[in-house]
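Notes for the one structure printed next.
Protein chains: 2
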Amino acid sequence: MNSKLETAQNKFIESTGKLAESFGFNKFIAQLYAVLYMSGKPLSLDELVDKLGASKGNISLNIRELESWGAVKSVWVKGSRKDYYEVEPDIKKVFSSKLKSSLGKRVAQVSDMIEEFKDIIESAQGELTEEEKAIAKEYKERLKKIENMKNLASKALAIVEKFF
Amino acid sequence: MNSKLETAQNKFIESTGKLAESFGFNKFIAQLYAVLYMSGKPLSLDELVDKLGASKGNISLNIRELESWGAVKSVWVKGSRKDYYEVEPDIKKVFSSKLKSSLGKRVAQVSDMIEEFKDIIESAQGELTEEEKAIAKEYKERLKKIENMKNLASKALAIVEKFF
DNA sequence: TCTATCGTTTAAAACGTTTTAAACGATTAT
DNA sequence: ATAATCGTTTAAAACGTTTTAAACGATAGA
Chain A
1 MNSKLETAQN KFIESTGKLA ESFGFNKFIA QLYAVLYMSG KPLSLDELVD
51 KLGASKGNIS LNIRELESWG AVKSVWVKGS RKDYYEVEPD IKKVFSSKLK
101 SSLGKRVAQV SDMIEEFKDI IESAQGELTE EEKAIAKEYK ERLKKIENMK
151 NLASKALAIV EKFF
Chain B
1001 MNSKLETAQN KFIESTGKLA ESFGFNKFIA QLYAVLYMSG KPLSLDELVD
1051 KLGASKGNIS LNIRELESWG AVKSVWVKGS RKDYYEVEPD IKKVFSSKLK
1101 SSLGKRVAQV SDMIEEFKDI IESAQGELTE EEKAIAKEYK ERLKKIENMK
1151 NLASKALAIV EKFF
C-alpha cells in the first residue's frame, strides 16, 4: 500500500474520531464506521484492531454498539471462522435513525421533567399560603413556555422524519 | 419557603442537569439557566452558589460560558456591589443560536476533513500504481457521498435558520 | 490607608469514562 | 481428546474532565 494513500487514510480516520468526539460519541464508533465505509468490503475484528490500533475488547464493544444502531451488521464469509462486519452504506439512513431516537428520548425526558414538577406542585396546593400559590402559578406559566419548546422539538422530529 | 415547593424546584434543577448531560453539556450550565429562568428575577453569584451547592469558581466559570452564548447577561442592581445575572427569556432564541453555531462548526469540520483527504490523494497521484489509482478513485467516490450528507446538514442548518 | 467584599484564576483533588490486558467460554480443527 | 482460534467479559489502569479550595487582584467603603 502506497504510504501517502495510507497517510490520507489515517488522517481521515483521525479526523473522523475528532468529529465524533465533538458530537459526544466515542471516537472508535465513528472510526469503525469510517474504516468499514471506506474499505468497501467486510472486515474482521482483527483487521479492525489492526487498522485502529485499539484493543480487541474495545473494538468488540464498539462494533456491537454500531450494530445496535443498525449501522453495521455482521456477515458470514465462506471458509472463515471469523465474523466479518459490513456497514450500512446509506449514511443518511444511519444518521436519521440515530437522530430520531435521540431526539425522541430527549423530548420524553423533558415531558417527564415537567410532569413531575407539576405533580409535586399540585399535590402541595393544600399546604401553600396565598403567596406561595402565586409563586407556584408563576412557575406553571414558565413551564408552559418550556412545553412550547418541547412541542417545537417534536415538530423538528417530524421534519426529520419527513426529509431525512 | 414551603418545603414541597422547594422539593419541586430541586427536582426540576436535578432533572435539568441530567438533561444537559445527556446532550453533552455541563450540568451546571443548564441548571444555572433553569434557576435564573424560573426565578424570574436577576440573581447574584452568591445566590446561585447557594441554590446549586457548587463552588463559587465553578459557578463563575459556567455563568461566563452562558454569557458567551448570549443566554445570560449581567445587570446592574442599584445599591449593590455584586453582579446580578438575568436570563434571555426567549428559550427558542437561545437554543437556535447555539444549534446554529454548533451545526455550522460541524459542517465546516467535515468540509476540512474531506478537503484534506482529497489534497493528499491528489498530491500523491504521481507516485501511485494503476491499482492504487483505482483505489484512490473509489475513495473519492465514497467521499462524494459524504459530501452529499454534508450538504444535507447545510440544508438542515437553513431550515433551522428559517423555522427557529 | 487599611479593610472588606467582590469575581476570577489556578493548581490540585475528585470523579467518571475510556481503554486495556488477561481470563474466559464457546466453537472449530487436528 | 486436545489444542487453537474466535469474540466477549471483567477488573484494573490510564486518561481527561469537572470541581474545588485557596490565593489573587480589583474595587469600594471605613
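Heads up: the sequence lines are chains A and B, in that order.
The first sequence begins at 1 in our numbering and counts up by one.
The second sequence begins at 1001 in our numbering and counts up by one.
The beta carbon of each residue, even a glycine, is placed where N, CA and C say it ideally should be.
Measuring CB atoms only, is the region 1128-1146 of chain B touching the region 1060-1079 of chain B, in the sense that at least three cross pairs come out at less than 8 Å? no
- Item | With 16 other Cβ atoms within 10 Å as the buried cut-off, status of A/Phe28 | Taking the first residue of the first sequence as 1, we reach residue 28 of chain A at position 28. Answer is buried; the Cβ neighbour count reaches 16.
- Query: Would A/Ser68 count as contacting chain B if we go by Cβ distances under 8 Å?
  - Reply: Locating residue 68 of chain A in the first sequence gives position 68, counting from the first residue. It does not; no Cβ of chain B falls within 8 Å.
- Does any residue of chain B bring its CB to less than 8 Å from the CB of A/Leu19? The sequence position of residue 19 of chain A within the first sequence is 19, counting from 1. So yes, A/Leu19 belongs to the interface.
- Message: In this structure, how does DSSP classify B/Leu1043 when only helix, strand and coil are distinguished?
- Response: Taking the second sequence and counting its residues from 1, one reaches residue 1043 of chain B at position 43. Strand.
Discussion item. Tell me the DSSP secondary structure of B/Val1077 in three-state form.
Written reply: By 1-based counting over the second sequence, the position of residue 1077 of chain B is 77. In the structure shown, B/Val1077 sits in coil (DSSP, three-state: anything other than H, G, I, E or B).
Can you pull the chain B neighbours of A/Tyr139, defined as C-beta to C-beta under 7 Å?
What you label residue 139 of chain A is simply residue 139 of the first sequence in a count that begins at 1. Under the 7 Å cutoff, chain B gives Met1038.
Per DSSP, which one or two residues make a beta bridge with B/Val1087? One-based indexing of the second sequence puts residue 1087 of chain B at position 87. Paired residue(s): B/Val1072.
Worksheet item: In the structure shown, what three-state DSSP assignment does A/Ala136 receive?
Response: Here residue 136 of chain A refers to the residue found at position 136 of the first sequence. DSSP places A/Ala136 in helix when its eight states are reduced to three.
| query | Just the Cα atoms here: how many angstroms apart are B/Asp1046 and B/Leu1099? | reply | Against the second sequence, residue 1046 of chain B aligns to sequence position 46. Against the second sequence, residue 1099 of chain B aligns to sequence position 99. The straight-line gap separating the alpha-carbon atoms of B/Asp1046 and B/Leu1099 is approximately 30 Å.
What residues of chain A sit near B/Ile1120, judged by a beta carbon separation below 7 Å?
On the second sequence, residue 1120 of chain B is found 120 positions in, with the first residue counted as 1. In chain order: Lys4, Thr7, Ala8 and Lys11.
Out of A/Ser101, A/Met38, A/Phe25 and A/Gly24, point me to the one whose CA is closest to A/Glu6's CA.
-> As a position in the first sequence, residue 6 of chain A is number 6, starting the count at 1. The option with the nearest alpha carbon to A/Glu6 is A/Met38.
Worksheet item: Straight-line CA distance for B/Leu1061 to B/Val1094?
Response: On the second sequence, residue 1061 of chain B is found 61 positions in, with the first residue counted as 1. On the second sequence, residue 1094 of chain B is found 94 positions in, with the first residue counted as 1. Looking at the two C-alpha atoms, the distance is approximately 19 Å.
Min CB distance B/Ala1134 to chain A below 8 Å: In the second sequence, the residue the question calls residue 1134 of chain B occupies position 134. Not one chain A Cβ lies under 8 Å of B/Ala1134.
Taking A/Val110 as the query, report the chain B residues whose CB atoms sit under 8 Å from its CB, ordered along the chain. For the purposes of this step, residue 110 of chain A is taken as the residue at position 110 of the first sequence. Neighbours of A/Val110 on chain B, chain order: Leu1019.
Notebook entry, point to check: How is B/Leu1128 classed by DSSP in three states: helix, strand or coil?
Noted result: Translated into positions along the second sequence, residue 1128 of chain B becomes position 128. Here B/Leu1128 sits in coil by DSSP.
| Out of A/Leu143, A/Ile121, A/Ser44 and A/Val110, which has the shortest C-alpha to C-alpha gap to A/Arg81? | Indexing the first sequence from 1 puts residue 81 of chain A at position 81. Nearest C-alpha to A/Arg81: A/Ser44.
**Prompt:** When burial is assigned at 16 or more other CB atoms within 10 Å of the CB, is A/Lys137 buried or exposed?
**Reply:** Residue mapping note: residue 137 of chain A aligns to position 137 of the first sequence, counting from 1. Classification for A/Lys137: exposed.
- Just to confirm, are B/Ala1030 and A/Phe117 a CB contact at a threshold of 8 Å? Stepping through the second sequence from its first residue, residue 1030 of chain B is reached at position 30. Stepping through the first sequence from its first residue, residue 117 of chain A is reached at position 117. No, Cβ-Cβ distance for B/Ala1030 and A/Phe117 is not below 8 Å.
Q. So with Cβ pairs under 8 Å, would you call B/Arg1106 a contact of chain A?
A. Walking along the second sequence from the start, residue 1106 of chain B turns up at place 106. Yes, B/Arg1106 lies at the interface with chain A (some Cβ there is under 8 Å from its Cβ).
Going by C-alpha distance, which of B/Asn1058, B/Val1075, B/Lys1092 and B/Glu1147 is nearest A/Ile146? Here residue 146 of chain A refers to the residue found at position 146 of the first sequence. Checked all of B/Asn1058, B/Val1075, B/Lys1092 and B/Glu1147; the closest Cα to A/Ile146 is B/Lys1092.
Rounded separation between B/Val1110 and B/Ser1154 - CA only
Here the question's residue 1110 of chain B lines up with position 110 in the second sequence. Here the question's residue 1154 of chain B lines up with position 154 in the second sequence. So the alpha carbons of these two residues sit roughly 11 Å apart.
> Alpha carbon to alpha carbon, what distance is there between A/Ile13 and A/Ser123?
Replying inline: Counting from one through the first sequence, the residue named residue 123 of chain A turns up at place 123. Counting from one through the first sequence, the residue named residue 13 of chain A turns up at place 13. Cα to Cα, the separation comes out at about 54 Å.
What are the boundary residues of the alpha helix (DSSP H) that includes A/Ser55? The residue you call residue 55 of chain A lines up with position 55 of the first sequence. Segment: none, A/Ser55 is in no alpha helix (DSSP H) and carries neither H nor E.
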